[in-house]
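K.L.:
Residue numbers (our numbering): 1 to 242.
Heads up, the beta-carbon is just placed ideally off N, CA and C, and yes, glycines get one too.
Before we start, here is the structure in question, set down as structure tokens.
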DNA sequence: GCGACAG
DNA sequence: ATCTTGTCGC
């Protein structure tokens, strides 16, 4: 599972090119579908997946995929990926850095469960090319995704019917969820609308600072930092959450 | 040139 | 994201 833990980054670095990455995003944005393939009235009993990454100060990154059942938030599966981080953080190109950490764990989760929707830490449609990491993953996996971000990347705030949105030109790309006076930027990734993304993120935000699938993925990725070993089993941490 | 800039 | 001490507020 972590066989390439110590492999170097040469191959990945060589395959990465900023201009090509931008072209890839433009292609992805043409495939985005913002219609609703999910229904908030059908979400009870469904499996949701949270994706998040954290980093160590030695060049390693940790990706977490956690499957949770709504509305009890039982953790039914969990997977951790540890890899050397090969791509720098470039605003707008986050997906090319973090997909290496998130995709292996997501694939392992998908072997066992069929999630209703994926929650991804970062923006989806609220992106300079409408192709943030949540959209990127949603298009590649052809599945509904919601982007959950703690900070604005692009867009201008605007108020409509008392709600705060982010708009790019005339299009609304994100709706802001206020949790304890803190702004959380919700945007559709793929196969979901902006309003449904917001409404689902909102009902997922029990008492935590973030929608619970992302909160739990975040917690696990940070706990894992203190337990780094090649045979790390995510399930050992399940009882340390909540 | 200057400021902004997901994680 | 991560590095970091004390400190303001509920």
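1) Go ahead and pull the three-state DSSP assignment for residue 111.
2) Count the other CB atoms, across all protein chains shown, that sit within 10 Å of the CB of residue 41; report buried if there are 16 or more and exposed otherwise.
3) What is the C-beta distance between residue 201 and residue 66, in whole angstroms, given that I count them as a contact (C-beta under 8 Å)?
4) Could you check where the alpha helix (DSSP H) with residue 198 kicks off and where it finishes?
5) Going along the chain, which residues of its own chain have a beta-carbon closer than 6 Å to the beta-carbon of residue 62, five neighbours each way excluded?
6) Please report the distance separating the alpha-carbon of residue 108 from that of residue 194.
7) Count the other CB atoms within 10 Å of the CB of residue 165; is the residue buried (16 or more) or exposed (fewer)?
8) Can you tell me which of the three DSSP states residue 141 falls into?
9) Output yes or no for whether 8 Å exceeds the beta carbon distance between residue 95 and residue 133.
10) Find the nearest neighbour of residue 148 within the set 14, 162, 117, judged by alpha-carbon distance.
11) Would you list the one or two residues that DSSP bridges to residue 96?
12) Tell whether a beta-carbon distance below 8 Å holds between residue 191 and residue 33.
13) Where do the ends of the beta strand (DSSP E) carrying residue 188 lie?
14) Quick check: residue 20 and residue 136, are their CB atoms within less than 8 Å of each other?
15) Can you name, in chain order, every residue of its own chain whose Cβ lies under 7 Å from the Cβ of residue 185, other than the five neighbours on each side?
P.N.:
Quick answer:
1) The DSSP-derived three-state label of residue 111 is coil.
2) Result: exposed.
3) Residue 201 to residue 66, Cβ: 16 Å. No contact.
4) Where residue 198 is concerned, the enclosing alpha helix (DSSP H) starts and stops at 194-203.
5) Only 54, 82, 221, 224 meet the Cβ criterion.
6) The alpha-carbon separation between residue 108 and residue 194 amounts to approximately 28 Å.
7) Under this definition residue 165 is a buried residue.
8) In the structure shown, residue 141 adopts coil according to DSSP, grouped into three states.
9) Yes. Within cutoff.
10) Among 14, 162, 117, the Cα nearest to that of residue 148 belongs to 117.
11) Among the bridge pairs identified by DSSP, residue 96 is matched with none.
12) Cβ distance < 8 Å, so residue 191 and residue 33 count as in contact.
13) For residue 188, the enclosing beta strand (DSSP E) stretches over residues 182-190.
14) At least 8 Å separates the beta-carbon of residue 20 from that of residue 136.
15) Same-chain partners within the cutoff: 123, 126, 149, 152, 166, 174, 176.
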